[in-house]
Structures are given as C-alpha cells and as structure tokens.
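Visitor: Quick one: structure below, then a few questions.
Number of protein chains: 2
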Amino acid sequence: MASIKLKTVDTRAPKKLNKETIKKETQKLKFKIEELQNLLYAEGKHAMLVVLQGMDASGKDGTIRNVFGAANPMGCRVVAFKKPTELEMKHDFLWRVHSQVPEKGMIHIFNRSHYEDVLIQRVHNWVDAKTIKQRFAHINNFEKLLVENNTVVIKFYLHISKEEQLGRLQERMSDPAKMWKYNEQDLQEREEWDSYMKAYEDVFANCEEAAKWQVIPADQNWYKEYLIAQRVVEELEALKMKFPGLKPANS
Amino acid sequence: MASIKLKTVDTRAPKKLNKETIKKETQKLKFKIEELQNLLYAEGKHAMLVVLQGMDASGKDGTIRNVFGAANPMGCRVVAFKKPTELEMKHDFLWRVHSQVPEKGMIHIFNRSHYEDVLIQRVHNWVDAKTIKQRFAHINNFEKLLVENNTVVIKFYLHISKEEQLGRLQERMSDPAKMWKYNEQDLQEREEWDSYMKAYEDVFANCEEAAKWQVIPADQNWYKEYLIAQRVVEELEALKMKFPGLKPANS
Numbered sequence: 018m019a020s021i022k023l024k025t026v027d028t029r030a031p032k033k034l035n036k037e038t039i040k041k042e043t044q045k046l047k048f049k050i051e052e053l054q055n056l057l058y059a060e061g062k063h064a065m066l067v068v069l070q071g072m073d074a075s076g077k078d079g080t081i082r083n084v085f086g087a088a089n090p091m092g093c094r095v096v097a098f099k100k101p102t103e104l105e106m107k108h109d110f111l112w113r114v115h116s117q118v119p120e121k122g123m124i125h126i127f128n129r130s131h132y133e134d135v136l137i138q139r140v141h142n143w144v145d146a147k148t149i150k151q152r153f154a155h156i157n158n159f160e161k162l163l164v165e166n167n168t169v170v171i172k173f174y175l176h177i178s179k180e181e182q183l184g185r186l187q188e189r190m191s192d193p194a195k196m197w198k199y200n201e202q203d204l205q206e207r208e209e210w211d212s213y214m215k216a217y218e219d220v221f222a223n224c225e226e227a228a229k230w231q232v233i234p235a236d237q238n239w240y241k242e243y244l245i246a247q248r249v250v251e252e253l254e255a256l257k258m259k260f261p262g263l264k265p266a267n268s
Numbered sequence: 018m019a020s021i022k023l024k025t026v027d028t029r030a031p032k033k034l035n036k037e038t039i040k041k042e043t044q045k046l047k048f049k050i051e052e053l054q055n056l057l058y059a060e061g062k063h064a065m066l067v068v069l070q071g072m073d074a075s076g077k078d079g080t081i082r083n084v085f086g087a088a089n090p091m092g093c094r095v096v097a098f099k100k101p102t103e104l105e106m107k108h109d110f111l112w113r114v115h116s117q118v119p120e121k122g123m124i125h126i127f128n129r130s131h132y133e134d135v136l137i138q139r140v141h142n143w144v145d146a147k148t149i150k151q152r153f154a155h156i157n158n159f160e161k162l163l164v165e166n167n168t169v170v171i172k173f174y175l176h177i178s179k180e181e182q183l184g185r186l187q188e189r190m191s192d193p194a195k196m197w198k199y200n201e202q203d204l205q206e207r208e209e210w211d212s213y214m215k216a217y218e219d220v221f222a223n224c225e226e227a228a229k230w231q232v233i234p235a236d237q238n239w240y241k242e243y244l245i246a247q248r249v250v251e252e253l254e255a256l257k258m259k260f261p262g263l264k265p266a267n268s
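Sequences listed follow chains A and B, in order.
The numbering used here puts the first residue of the first sequence at 18, with every later residue one more than the last.
The numbering used here puts the first residue of the second sequence at 18, with every later residue one more than the last.
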C-alpha cells in the first residue's frame with residue numbers, strides 16, 4: 018500500500034450501497050465466521066491474528082463486539098494493549114506483544130498493538146527517527162515469523178473523519194452509558210490529528226512485508242463491520258481447512 | 018455442600034419442565050449476561066471467575082459456546098487448563114492458575130481448573146492423601162484471596178450419567194465434525210468413574226470456604242445452559258453495578 022494519502026480515502030460507504038442489504042450480508046458472514054473458527058480450532062494447523070488500529074472512537078471496541086461476538090470465546094481471545102507497565106517499558110517493544118500471539122487453532126484480536134510504538138510514540142517525539150526506522154524493520158521481521166508459523170495476520174486501520182470522531186467523543190461526554198469510555202486525553206490527542214495521519218501513512222508504506230494493511234472506511238459502523246467480516250471470512254476460507262479424523266492411538 | 022452423594026442427584030431436568038419454555042428463558046438470560054457484562058467492564062470494580070468442571074463430554078465446551086458466546090469477547094476470556102507443561106510441573110499447582118485469574122472488569126471462564134490437581138491426580142494416585150489435604154487448604158485460601166479482591170467465584174460441576182457420557186463419546190468416534198474431540202484416553206478415564214465421583218464428593222465437602230459449588234444436571238444441554246445462565250445473571254445482578262460518570266481530570 019505504498020504512498021497512500023489518507024485524505025484521499027473516503028471514510029464513508031459508497032452511496033450506491035444499501036444499508037439493510039449490507040447488514041443482512043454481515044449477518045451471514047458472522048455465521049460463517051463462527052463455523053470457520055470452529056474448524057480452525059478443530060484442525061489446529063493455523064492461527065489468526067487480527068490487528069485493530071485507529072484513532073480514539075474509531076470503533077475498535079464495537080468491531081470486536083459486533084464482528085467477533087459471534088465467535089466461540091473458547092477459540093477467540095482479545096488482547097488490549099494499553100499504556101505499557103514499568104516492567105514492559107524495560108523490555109524491547111515487542112516483548113509484551115510476542116507473548117500474546119495466538120497459538121494454532123486460535124484467533125487473537127489485538128485492540129491496539131505493537132503499532133502504537135511507531136504511532137503515539139512518534140507523534141509525541143518520545144523516540145527519534147532512527148528508532149522508528151529500526152522498529153519498522155523489527156515489526157516486519159516479527160510478523161514474518163508469525164506468518165511462517167502458519168499465522169494469518171490481518172491488519173485493519175479504521176478510518177474515520179475528524180468530524181465523526183468529535184461527534185463520538187461528545188457522545189461519550191453526555192451519554193451516561195458511555196462516560197466510562199471518555200478520556201480527557203482523547204481531545205488532546207485529537208489536536209495531533211495530522212501528525213497521526215502522517216504516521217499511519219508511513220506505517221502503511223513501511224510495514225507490509227509480511228502482511229498487508231486494509232484501510233476500512235469507518236464513519237458508518239454497518240459498512241465497517243461488513244468489510245471486516247468479509248475479509249476475515251475470505252482469509253479463513255483460503256486456508257481450505259478440514260475436520261481431522263480420529264487421532265491415531267497413543268498420540 | 019457437605020456430604021453430598023452424587024448418585025442421589027438427578028442428571029436430568031425435572032419432568033414437569035418444558036424444554037421450549039426453558040430455552041426461551043435462557044435466551045433472555047443470555048441478553049442479560051451481555052448487558053451485565055458490559056456494565057462489569059465499564060464499572061471495573063468487580064471480576065468474575067467461572068470454574069467449569071465435569072467428566073469428559075459433560076458439556077463444558079458447549080456451555081462456553083452457548084452461554085458465554087453472547088458476551089463481548091473484549092470482556093470475557095476462556096482459559097483451558099490441559100496437561101501441565103514441564104515448567105508448570107516445576108511450580109506449585111496454583112502457579113499457572115493464579116496468573117490467569119480475571120482482573121477487575123473481566124469474566125474469565127476456566128475450562129477445567131486447579132481442581133484437576135485434586136481430581137485426576139488423586140484418582141491415579143499420583144499424589145498422596147496428605148498432599149490432597151494440603152491442596153484443599155491451599156485452594157480455599159487461594160479462592161478467599163480472589164473473593165476478597167472483589168472477584169465473584171462460581172463453581173459448576175456438570176453432572177452427567179455414565180450412560181449419557183458413553184453415548185457422547187461414541188458420537189465423537191463416528192461424527193467427522195466431532196472426531197477431533199475424541200481421545201482414546203477418555204474411555205480409560207471412564208473406567209475410573211466411581212473414583213472420580215468420590216473425588217468430586219470430597220472436593221465439595223472440603224472446598225467451599227470461599228465459594229460454593231453448584232451441581233448442574235447436565236444430561237440435557239438446554240437445562241444445563243439454563244441453570245448456568247441463571248446463576249451467572251443472579252450473581253452479576255447482586256453486585257448492583259452502575260455506569261461510572263466522567264473520570265475526574267488527570268485521573
């Protein structure tokens with residue numbers, strides 16, 4: 018996805034699409050995810066890692082609830098990467114991430130990820146340009162390691178407009194059921210919007226050696242969920258999995 | 018639950034119950050679980066640990082899929098305890114378990130648990146009576162620690178009949194979609210049925226200081242799922258949770 022300019026990518030669905038039709042499609046895709054995930058678990062030959070990145074309120078949590086909520090929790094685990102602990106800070110940036118990757122049979126969803134170390138850290142100049150460049154290389158090598166160990170790595174950037182984000186943050190300030198999600202810092206981060214967009218564009222240009230990024234128009238949840246469910250199904254179907262037969266004795 | 022005799026406990030639902038009515042009730046309970054779990058996550062004051070124990074094919078996996086499948090995977094994690102690794106064996110028996118307990122806001126479901134160390138290990142005489150007695154005390158202390166840290170601990174024993182188990186194991190041998198679950202060892206463990214029942218009865222008699230056991234008639238999935246969903250809802254409602262308001266600045 019070399020040299021993509023996020024400003025030129027729509028944050029909304031194409032006008033010709035019908036919301037209700039798409040929602041029905043998504044429902045079918047969710048049943049397929051449930052079925053394919055069971056097969057992934059039963060076969061135990063592959064793993065899947067889904068990386069969710071996006072600005073605050075871009076809909077990462079909602080994606081997890083609405084797309085992966087259908088999956089059996091036995092085979093599906095969510096890992097949220099928040100501000101690193103003191104111990105984590107004393108390790109290399111991939112240490113806490115590596116320990117959380119899926120074993121064969123499992124789908125893990127990263128709610129934020131190792132990419133924060135080349136996004137927020139870069140935007141605030143907590144690390145220098147040389148370190149960022151090194152990290153890009155380490156991320157590529159790390160993802161290659163996973164892919165070569167039969168892990169399907171899918172990376173989504175949830176692309177919302179700055180205006181849509183403001184609306185959602187304001188909702189968090191006024192809806193009692195959403196206030197717990199509000200963080201004063203979110204508005205401060207919003208000030209850095211353009212720097213974040215630039216940092217994401219650099220990530221897309223530099224971190225695709227092992228797994229491609231997909232930019233998801235995310236202003237409308239129904240379209241976002243459809244695209245993500247569709248990609249997950251495609252990737253799982255491509256594995257051409259089969260139920261294994263009976264284990265040989267004493268295996 | 019002092020001195021319960023499992024032989025005297027029915028493995029089936031009371032005859033007067035109507036399956037279809039109960040299934041509708043369960044569906045309502047599942048919506049409540051989804052709602053209450055979101056509140057648990059948002060409030061972040063309590064955690065919930067659900068321990069699932071039972072003989073092979075007693076329906077632990079199905080419980081996870083059908084009762085907890087409704088929950089948002091962001092707030093709900095399944096931990097399966099299998100044969101300990103070499104490293105785990107070099108630690109005390111609670112070491113691998115303690116690291117997997119839920120933090121506040123989360124529901125963790127243990128698919129088997131620390132109780133295996135006073136069940137399978139006892140049935141096969143891998144540990145002596147003195148060790149079992151010590152472990153009972155350690156389990157009580159461990160669960161007390163969790164409870165005092167605001168974790169609701171719920172322990173279910175899925176009670177199936179020996180005949181029902183045989184039918185299910187045979188199904189695993191013949192249904193291609195279930196063969197991956199079949200393990201030759203299951204039939205060997207079945208030979209020890211009475212010893213297992215005795216070991217479970219001892220567990221109930223000795224490990225209730227911090228959290229009670231509930232014996233779930235489990236020959237019929239619809240009844241099993243109803244009872245478990247009902248208990249989970251009851252326990253979550255008893256917490257009288259509320260959405261927190263806006264965080265104070267700089268918190």
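Note that the Cβ used here is the ideal one computed from N, Cα and C, for glycine as well.
Mind checking if Asn128 of chain A is an interface residue toward chain B, Cβ cutoff 9 Å exclusive?
Guide: Asn128 of chain A counts as touching chain B.
Visitor: By the three-class DSSP mapping on this structure, what secondary structure does Tyr174 of chain B have?
Guide: The answer is strand: DSSP assigns Tyr174 of chain B an E or B state.
Visitor: Would you give the residue range spanned by the alpha helix (DSSP H) that Gln187 of chain A belongs to?
Guide: Run containing Gln187 of chain A: Lys179 to Ser191, per the alpha helix (DSSP H) assignment.
Visitor: Applying the 10 Å Cβ sphere with the 16-neighbour rule, what's the burial state of Ser191 of chain A?
Guide: Exposed, since its Cβ has fewer than 16 Cβ neighbours within 10 Å.
Visitor: Does any C-beta atom of chain A lie closer than 9 Å to the C-beta of Asp78 of chain B?
Guide: By this cut-off, Asp78 of chain B is an interface position.
Visitor: Could you tell me whether the Cβ atoms of Asp219 of chain A and Ile149 of chain A are closer together than 9 Å?
Guide: Yes; because the gap between Cβ atoms is below 9 Å, this pair is in contact.
Visitor: Verify whether the separation of the beta carbon atoms of Ser75 of chain A and Ala194 of chain A is less than 9 Å.
Guide: No, they are not a contact pair.
Visitor: Rounded to whole angstroms, what is the Cα-Cα separation between Phe110 of chain B and Val164 of chain A?
Guide: Near 34 Å, if we compare the C-alpha coordinates of Val164 of chain A and Phe110 of chain B.
Visitor: Please work out which residues of its chain come closer than 7 Å, Cβ to Cβ, to Phe85 of chain B, disregarding the five sequence neighbours upstream and downstream, and give them in chain order.
Guide: Same-chain partners within the cutoff: Cys93 and Ile126.
Visitor: Would you grab the beta carbon distance between Val135 of chain B and Ala216 of chain B for me? Rounded to a whole angstrom, and I think it's under 8 Å.
Guide: Between Ala216 of chain B and Val135 of chain B the Cβ distance is about 7 Å, and since that is below 8 Å, they are a contact.
Visitor: Kindly list the residues whose CB is nearer than 6 Å to the CB of Val114 of chain B, restricted to its own chain and excluding five residues on each side of it in sequence; keep chain order.
Guide: Correct list, in chain order: His131.
Visitor: Give every residue of the same chain whose Cβ lies closer than 7 Å to the Cβ of Arg248 of chain B, excluding the five residues on either side of it in the sequence, and list them in chain order.
Guide: Hits under 7 Å: Ile171 and Gln231.
Visitor: For chain A, is any of its Cβ atoms less than 9 Å away from the one on Ala154 of chain B?
Guide: Closer than 9 Å: no.
Visitor: Could you tell me if Ala228 of chain A is buried or exposed, where buried requires 16 or more neighbouring beta carbons within 10 angstroms of its beta carbon?
Guide: By the neighbour-count rule (16 or more Cβ atoms within 10 Å), Ala228 of chain A is buried.
Visitor: Does the beta-carbon of Phe48 of chain B have 16 or more other beta-carbons within 10 angstroms, so that it is buried, or is it exposed?
Guide: Counting Cβ neighbours within 10 Å, Phe48 of chain B comes out exposed, since fewer than 16 surround it.
Visitor: What do you reckon, are the CB atoms on Leu46 of chain B and Ala222 of chain B nearer than 9 Å?
Guide: No. Outside cutoff.
Visitor: For Cys224 of chain B, decide whether its Cβ has a neighbour in chain A, counting only Cβ atoms nearer than 9 Å.
Guide: By this cut-off, Cys224 of chain B is not an interface position.
Visitor: Who are the neighbours of Phe85 of chain A on chain E, taking C-beta pairs under 7 Å?
Guide: As a matter of chain content, chain E is missing from the structure shown, whose protein chains are A and B.
Visitor: What does Met190 of chain B reach in chain A if we use C-beta pairs closer than 8 Å?
Guide: Under the 8 Å cutoff, chain A gives Leu263.
Visitor: What distance in whole Å lies between the Cβ atoms of Thr28 of chain A and Glu181 of chain A, which are believed to be in contact at a cut-off of 8 Å?
Guide: Going by Cβ atoms, the distance from Glu181 of chain A to Thr28 of chain A rounds to 7 Å, so yes, they are a contact pair.
Visitor: Under the rule that 16 or more other beta-carbon atoms within 10 Å means buried, what is Ala88 of chain B, buried or exposed?
Guide: So Ala88 of chain B counts as buried.
Visitor: Name the chain B residues whose beta carbon is nearer than 7 Å to that of Ala194 of chain A?
Guide: Simply Phe260.
Visitor: Run through chain A and tell me which residues come within less than 9 Å of Val95 of chain B, C-beta to C-beta.
Guide: Near Val95 of chain B (Cβ distances below 9 Å), the residues of chain A are Asn89, Pro90, Met91, Gly92, Cys93 and Arg94.
Visitor: Tell me the DSSP bridge mates of Ile126 of chain A?
Guide: Looking at the DSSP assignment, Ile126 of chain A forms a beta bridge with A:Val67 and A:Val95.
Visitor: Hey, would you say Arg189 of chain B sits closer than 9 Å to Tyr199 of chain B, going by beta carbons?
Guide: Yes. Within cutoff.
Visitor: Measure the alpha-carbon distance for Glu251 of chain B versus Leu104 of chain B and round it to whole angstroms.
Guide: Going by the C-alpha atoms only, they are around 38 Å apart.
Visitor: Span of the beta strand (DSSP E) holding Ile233 of chain B?
Guide: Element bounds for Ile233 of chain B: Trp230 to Pro234.
Visitor: If we cut at 9 Å on Cβ distances, does Ile177 of chain A have a partner in chain B?
Guide: Chain B contact via Cβ: absent.
Visitor: Hey, how far is the Cα of Glu60 of chain B from the Cα of Pro119 of chain B?
Guide: So the alpha carbons of these two residues sit roughly 14 Å apart.
Visitor: Is the shortest distance between the beta-carbon of Glu208 of chain A and the beta-carbons of chain B less than 9 Å?
Guide: It does not: the Cβ of Glu208 of chain A has no partner Cβ on chain B nearer than 9 Å.
Visitor: Given that Arg82 of chain B touches chain A, what residues does it touch there, using C-beta distances under 7 Å?
Guide: What Arg82 of chain B touches in chain A: Asn89 and Met91.
Visitor: Please name the residue, chosen from B:Glu225, B:Leu23, B:Gln138 and B:Ile177, that lies closest to Lys241 of chain B on a Cα-to-Cα basis.
Guide: Of B:Glu225, B:Leu23, B:Gln138 and B:Ile177, the residue nearest in Cα terms is B:Ile177.
Visitor: Using a C-beta to C-beta distance shorter than 7 Å, which residues of chain A count as neighbours of Trp112 of chain B?
Guide: Going along chain A, no residue has its Cβ under 7 Å from Trp112 of chain B, so there is no contact; the nearest lies around 16 Å.
Visitor: Is the shortest distance between the beta-carbon of Lys198 of chain B and the beta-carbons of chain A less than 9 Å?
Guide: Lys198 of chain B counts as touching chain A.
Visitor: Note down, in chain order, all residues in the stretch 53 to 76 of chain A with a beta-carbon under 8 Å from any beta-carbon belonging to chain B.
Guide: Hits within the stretch, in order: Ala59, Glu60 and Gly61.
Visitor: Determine, using beta carbons only, whether Glu201 of chain A comes closer than 9 Å to chain B.
Guide: Glu201 of chain A counts as touching chain B.
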